[in-house]
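In the working numbering, the protein residues as written are 1 to 1098. To start, the structure under review is shown below, and the notes come after it.
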C-alpha cells in the first residue's frame, strides 16, 4: 500500500456507455490496457487503449475518444471469416476532453499484462516497436501543479481519478469538451456526454480526503456545467469524519423446498436479478399422497418415473428475497440427476445432468427432448449405482448426459438433448479411485458464453460419445476406463460446434471449466493417467490420483497448455476460476503436503488447497493450504469465485455423510471422510461453531492469499447437511447460491430465514434446503423515521448505506428515488410495502448492494358515517351515527347543541345548519383521523308568490315560487293539474284565462307546511286598429294582458322600420304617420314572436 505523506484529495469518476448503440464492456479483443507510444504512432499521441466501444487516445492537452458503433459490425454468424463484411459502413464519433491550461506529459504504466504486443507496419523501421506491454493503470503526474491524473482500464470500461496533493487548488481543473453534441447533468448528478451514437455517462464524482493515517474523509463533490465546460464543485472540504469500510456478511434467505416427498439438493445458480435456481431430485410418494410442490403452469407437474425410488429432477426458482416463483419436475420413466446449472441473459435455465430414462422396456417415457435437438435418442450403457447400492439410486439402463433449457417462467422446455454413447456417461461409481468424496461421482459443469453458446466439462466411458464430423483436439477415446470430455454446443442445443476427449492410460474426469481472457478455455479435473501430454508446471503424475488443468483454444482444436497438479498422495482439482489478468485458480483437495508458495495466509497441514498459476500454466503465482491444519479432509468444495478485485471466495460442506460406508454391499467407497471441526472463523462470523454431523463452510481470502477476510460455518445442529453431487455458484458480488440436501431423517434444524418459503422440512427424509448468503463489502442500509405510518404518511427515509456513489430507491408502490440522504414520501394507499434501496459504486468489486425492508402503512381509523349529511327539522334532535368500534375513542366539535361530545352517536339539535367534526383515535395502532358530517336544519316557510308570464301567443302561463329551501314541493295549480319534485320554482300553463287558487305542500321528513296563493291570468288582446286623434279614446296602441318586457316593432309596407320599443310600455300613438295599414312584430320574454297588421286611422 502506497504511503501518503501529505493530506490528499481524490476525485473518482467513471465513464460508461449508456445507450443501445454502444457497448462499454470489453470483449476478448479489446480492453487489454494502455500502450505507451514508443515511436509506433505520431508524437502527438502519448498512449492509446482500445475498447469494444472505440479507442481512447492520450495527448498532451487531453483525451480523445474515438467511438464506433458496434452494431455496424456483423455478429458471429457473419459471412466473413473474421466476422466483418467488407461492404459494411462503420459509424463513429470523435470528441475530446481537453484539460484547459493542463500539461499531460510522461505517462507511467502500472499493472502490466502478462503478454506483449508488436507494431510492425510499413518499411520505415523507425516506426516499428516491439515487446510493448499493456497497462491497466496509467499515471500522468502534475497535469496541473500538484494534481495527477490516473487512468484505469476496468471490466466496465474506462475510469479516471484526479489526485490532488498537498494544498492543490481544485479550481485549476477545467475540462472543455470538444466535438460532442452537448452536455447535460441528470437528476442523479451524472454527466451525460451526447454523441451521434448515443450518450456517454460519466458517473457522479466521488471525492474523499486521505489523511496521513490512511483514513478517508468524504467530501461532497458535484459536476458544475457551463456550456461545454466542466468544473468540480467542492463542499465541506474541512469536514473531519473518519469512516471505516468493513466486511459485513448477510444471510439473504434460506429455506426448505417444502416438498413432502424425499427431495435432495444438487445444484444452484443465479440470474442478474438475484433470483436463485435450485436443482435437485424428488422421489415418488410410495402411495402416501406426498408430492413435490410444483406450481400452476409449470412444464412438468407430475412425477414420471416408473419406480418410486427412481427420482426425477426437481427444479425451483426463488425471487431475490426467497419467494417461490416456480417449481417443476423434469424427467422420464427412470432415474435422472442434475449436476450443474446456469442462467442466460433471458433468465432461461440450462440444466446439465444424467439420465437412465431410455423410454424402452415398458419403464415409462424417455427423458424429454425437443424437436430438432442434437440427439433425441437414448444411447445406452450398463446398470450402475453411482452412490453405492445402499443408497438405492439405480441407473437401470446405464447413463447418458442430458442438457435441458427451461423458459424464464418454468412453463416450457425450450430445448433438450441427450449427449451419450454406448457406455456410461457423466457418472462414476462410489468405489472408483476418482470418487474420493460423496457426490464426486456426478461432478460436471455447464457454462455459457456471451453469445449464449453452451460448454460442458464431464467424463465418459463411451468410445463413441463424440461427433467425429465436428472438430476437436482429440476425437479418439484414450482408454484407461474413463476419459474426460469437453464440448461446445449451440445455444438452442441443435448441434455440437466442437468436442474433444481428454485422457490417458488411467481414469480421467473433467469437473469444471472457465473462460480465459481470449475466450479460450481452462478445464480442471482429476486423473490417474501417467501419460497425459502435460507441458506446464508439472509434467508427470506424482502418484496415485493427481489434479490437472488443461488450456484449450477457443475452437477446441488445440491443446495450448496442460499441467498435472499434485503430491505423492491423492490430489484433485475440483473447481476453476480465472481473473481479468489471465491468471488461473483451482480449488481442490490433497491427502499429501500441498506446497505453500508466495502465500502469506496458509493453514499448514490442511488438506484443501488453492493454487494460482499464470495463463501458460507453467508458473505458480501462489499456492496455499486452507482448512483446519489437522491433516484431515475438512470440506467438499461446491462453489468457487475470484472476483474483480482478486478476492477469493470458497464454499463447501463436510461431515459424517462423507465418511466411508462400513459393510457396504459394494465393499465401501473411497470417501476421504473428515469433519468440519476447527475451521478458521472471523469475529463477524454468521456461525462460529459446528457439530458432529458437519456443516457448510464459507470463507473469503484477500487477493493472493494475503489474509483471511471472512470465515463462517453455516448449518443446523445435527442436520448432516451435504450436497448429493453437483456444483453451486457465487455471483461476482460475492453472494453464494447454494443447494443443500438438508433435514435428512425428517429433521428441521437447518437455519432458515423469517418468512421462508418453507420454514420446515415437510418430508419424512430430506429437502432441498437452499440458501443465499452475501459476503460482499458495499452495504446498502436505510432507516424509516417512525414505526407509526398512518394513512398516506408522509414517511421519511434516511439512507444509512456504507459506501455507494449513487443510489436507487424502489418505494414499493411504483415510485422511485435517487436520494443519497433523507427524503419524504407519501403513500396513496394503506398496505404492506417492500422498500428496496440499491447502493451503487462501480469502483468496487460488487458494484451494487441491495437492502430491503417491509413497512406497514396502517389504514386511518374510519368513523364510518352511514351518510355524509343528516336532516333535522328545526327544534328536533338527530343522532350523529357512526359505527360503534370499541378500539376507537371519539371527540366531537363544536360541542354546542350536542347531548354528549365523547360518544360515537351523540344527539344534535343545532338552530341552523352546520358541520360537526369528529376526531377518532385507534387505540391499537395509535393512528388518528378526522371526519365530519353535515347537519341540515330544515325550516319550512309559508311564503309563495307568482308571476304572470303569458306570451304573445296568448297561452295563459304563470311562474310560481315557494321560499322554503331544501324541501320537496307538491303543487296544485287549481285547474286539476299537479306537480311534485325538488323545484321550489315552477311554471304552469292554463287552458283558459281567469282566476285560480294555487296550493303547495312543502315537506321533507317530518317537516312540512302548506301554503296557497290566488293567481289572476288575464286575456291577451292584440289590437289591429287604433285612432290617434287626441279625443282621449283609443289614442294609443294598447295590448291588453301584456306582461313585462315585451318588444314592439312596426314597419311600413316597404319593410322599413318606423317604430321600435323594448320593453314596450303601451305608448305608441302613431306619431306623424299618415293613416293606413302598418305591420307589427311582437317578441315576448320567452322569445316567441307574433306578427300582423294594424290600421292607423286618422
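Note that the Cβ used here is the ideal one computed from N, Cα and C, for glycine as well.
Problem - Spatial distance of residue 504 from residue 550 (CA atoms) - result: By one-based count along the chain shown, residue 504 stands at place 504. By one-based count along the chain shown, residue 550 stands at place 550. Answer to the nearest angstrom: the Cα atoms are 13 Å apart.
Problem - Buried or exposed (CB count within 10 angstroms, at least 16 for buried), residue 896 - result: Indexing the chain shown from 1 puts residue 896 at position 896. With fewer than 16 other Cβ atoms within 10 Å, it is exposed.
Exercise for the section: Apply the 10 Å Cβ neighbour rule to residue 681 and answer buried if 16 or more other Cβ atoms are within range, or exposed otherwise. Expected result: Locating residue 681 in the chain shown gives position 681, where the first residue counts as 1. It is buried - the Cβ of residue 681 has at least 16 other Cβ atoms within 10 Å.
Practice task
Determine the contact status of residue 257 and residue 748, defining contact as a CB-CB distance below 8 Å.
Solution key: Here residue 257 is taken as the residue at index 257 of the chain shown, counted from 1. Here residue 748 is taken as the residue at index 748 of the chain shown, counted from 1. In terms of Cβ geometry, residue 257 and residue 748 do not form a close pair [threshold 8 Å].
Problem - Top-ranked residue by Cα proximity to residue 484, from 912, 831, 532 - result: Position 484 of the chain shown, counted from the first residue, corresponds to residue 484. Just measuring C-alpha positions, the residue of 912, 831, 532 sitting nearest residue 484 is 532.
Practice task
Per DSSP, which residues does residue 222 bridge with? Please list them.
Solution key: Within the chain shown, residue 222 is the residue found at index 222, counting from 1. Paired residues: 233.
Exercise for the section: Look at the alpha carbon of residue 425 and the alpha carbon of residue 819, and state the distance between them as a whole number of angstroms. Expected result: Locating residue 425 in the chain shown gives position 425, counting from the first residue. Locating residue 819 in the chain shown gives position 819, counting from the first residue. Going by the C-alpha atoms only, they are around 55 Å apart.
Problem - Paired residues, beta bridge with residue 834 - DSSP - result: One-based indexing of the chain shown puts residue 834 at position 834. In the DSSP output, where bridge partners are listed per residue, residue 834 has 854.
Practice task
State whether the stretch 340 to 348 contacts the stretch 446 to 459, with contact taken as three or more CB pairs (one from each stretch) at a distance under 8 Å.
Solution key: Enough Cβ pairs lie closer than 8 Å, so yes.
Practice task
Using the Cα positions of residue 567 and residue 440, report the straight-line distance between them to the nearest angstrom.
Solution key: Locating residue 567 in the chain shown gives position 567, counting from the first residue. Locating residue 440 in the chain shown gives position 440, counting from the first residue. Taking the straight line joining both Cα atoms gives about 20 Å.
Problem - Nonlocal neighbours in the same chain, by C-beta distance under 8 Å from residue 1033, ignoring five residues either side - result: Here residue 1033 is taken as the residue at index 1033 of the chain shown, counted from 1. Within its own chain, the residues whose Cβ lies closer than 8 Å to the Cβ of residue 1033, once the five positions on either side in sequence are excluded, are 1027, listed in chain order.
Problem - For residue 389, three-class secondary structure by DSSP - result: Here the question's residue 389 lines up with position 389 in the chain shown. Collapsing the DSSP output to three states places residue 389 in a helix.
Handout entry: Complete beta strand (DSSP E) runs within the stretch 713 to 774 (minimum length 3 residues, chain order)
Key = If we require 3 residues or more, the beta strand (DSSP E) runs fully inside the stretch 713 to 774 come out as 735 to 738, 770 to 774.
Practice task
From the DSSP output, in three-state form, read off residue 148 for me.
Solution key: Within the chain shown, numbered from 1, the residue matching residue 148 stands at position 148. If DSSP states are grouped into helix, strand and coil, residue 148 belongs with the strands.
Practice task
State the start and end residues of the unbroken beta strand (DSSP E) segment that holds residue 645.
Solution key: As a working note, residue 645 is residue 645 in the chain shown. From DSSP, residue 645 is part of no beta strand (DSSP E); its letter is neither H nor E.
Handout entry: CA-to-CA distance, residue 473 to residue 351, given in whole angstroms
Key = Translated into the one-based positions of the chain shown, residue 351 becomes position 351. Translated into the one-based positions of the chain shown, residue 473 becomes position 473. Each residue's CA atom was taken as its position, placing residue 351 and residue 473 some 25 Å apart.
Problem - Cβ-based burial, residue 110 [other Cβ within 10 Å; buried from 16] - result: Taking the chain shown and counting its residues from 1, one reaches residue 110 at position 110. That one is exposed.
Exercise for the section: Can you say whether residue 849 is buried or exposed, counting buried as having 16 or more other CB atoms within 10 angstroms of its CB? Expected result: Walking along the chain shown from the start, residue 849 turns up at place 849. Counting other Cβ atoms within 10 Å of its Cβ, residue 849 reaches 16 or more and is therefore classed as buried.
Handout entry: Residue range of the beta strand (DSSP E) that includes residue 932
Key = Sequence index remark: in the chain shown, residue 932 carries index 932 (1-based). Annotation: the continuous beta strand (DSSP E) that includes residue 932 extends over 928 to 938.
Practice task
Run the CB neighbour count on residue 908, radius 10 Å, all protein chains shown included, and call it buried at 16 or more, exposed below.
Solution key: Residue numbering aside, residue 908 sits at position 908 when the chain shown is read from its first letter. With at least 16 other beta carbons inside 10 angstroms of its own, residue 908 counts as buried.
Exercise for the section: Report yes if the C-beta of residue 538 is less than 7 Å from at least one heavy atom of the ligand GTP; otherwise report no. Expected result: Absence of the ligand GTP from the depicted structure is noted, as is the absence of any ligand whatsoever, leaving it without description.
Practice task
Compare the Cα-Cα distances from residue 1013 to each of 1006, 1019, 1020, 998 and report the closest residue.
Solution key: Translated into positions along the chain shown, residue 1013 becomes position 1013. It is 998.
Exercise for the section: Buried or exposed for residue 784, please, with buried defined as at least 16 other CB atoms from any protein chain shown within 10 angstroms of its CB. Expected result: Walking along the chain shown from the start, residue 784 turns up at place 784. Answer is exposed; the Cβ neighbour count stays below 16.
Practice task
Put residue 829 into one of helix, strand or coil per three-state DSSP.
Solution key: Translated into the one-based positions of the chain shown, residue 829 becomes position 829. In the three-state reduction of the DSSP assignment, residue 829 falls in the coil class.
Problem - Pairwise C-alpha distance: residue 762 and residue 588 - result: For this step, residue 588 is matched to residue 588 along the chain shown. For this step, residue 762 is matched to residue 762 along the chain shown. Between residue 588 and residue 762, the C-alpha separation is close to 35 Å.
Exercise for the section: Count the other C-beta atoms from every protein chain shown that fall within 10 angstroms of the C-beta of residue 829, then say buried if there are 16 or more, exposed otherwise. Expected result: In the chain shown, residue 829 corresponds to position 829, counting from 1. So residue 829 counts as exposed.
Practice task
Can you tell me which of 536, 739, 851 puts its alpha carbon nearest to the alpha carbon of residue 779?
Solution key: In the chain shown, residue 779 corresponds to position 779, counting from 1. Per the Cα distances, 851.
Problem - C-alpha distance - residue 224 paired with residue 233, whole-angstrom precision - result: Position 224 of the chain shown holds residue 224. Position 233 of the chain shown holds residue 233. Between residue 224 and residue 233, the C-alpha separation is close to 6 Å.
Exercise for the section: Take every Cβ of the stretch 274 to 291, pair it with every Cβ of the stretch 305 to 320, and state whether three or more of those distances are shorter than 8 Å. Expected result: At 8 Å Cβ cutoff, the stretches touch.
Handout entry: C-beta contact flag for residue 801 and residue 809 at 8 Å
Key = Position 801 of the chain shown holds residue 801. Position 809 of the chain shown holds residue 809. The Cβ atoms of residue 801 and residue 809 do not sit closer than 8 Å to each other.
Practice task
Please classify residue 346: is it buried, with 16 or more other beta-carbons within 10 angstroms of its beta-carbon, or exposed?
Solution key: Position 346 of the chain shown, counted from the first residue, corresponds to residue 346. Burial call: exposed.
Exercise for the section: Spell out a yes or no on whether the stretch 97 to 109 and the stretch 129 to 145 are touching, meaning 3 or more CB-CB pairs, one atom from each, closer than 8 Å. Expected result: Counting Cβ pairs under 8 Å, three or more are found: they touch.
Exercise for the section: Would you grab the beta carbon distance between residue 837 and residue 734 for me? Rounded to a whole angstrom, and I think it's under 8 Å. Expected result: Along the chain shown, read from residue 1 onward, the residue named residue 837 stands at position 837. Along the chain shown, read from residue 1 onward, the residue named residue 734 stands at position 734. That pair is no contact at about 19 Å.
Problem - Spatial distance of residue 57 from residue 449 (CA atoms) - result: The residue labelled residue 57 in the question sits at position 57 within the chain shown. The residue labelled residue 449 in the question sits at position 449 within the chain shown. The straight-line gap from Cα to Cα measures roughly 30 Å.
Exercise for the section: Excluding the 5 residues preceding and the 5 following residue 794 in the sequence, name in chain order all residues of the same chain whose CB lies nearer than 6 Å to its CB. Expected result: For the purposes of this step, residue 794 is taken as residue 794 along the chain shown, with counting starting at 1. Counting only Cβ-Cβ distances below 6 Å, and skipping sequence neighbours, we find 824, 826.
Problem - Closest Cα partner of residue 516 within the set 727, 582, 1003 - result: Residue mapping note: residue 516 aligns to position 516 of the chain shown, counting from 1. Minimum Cα distance to residue 516 is reached at 582.
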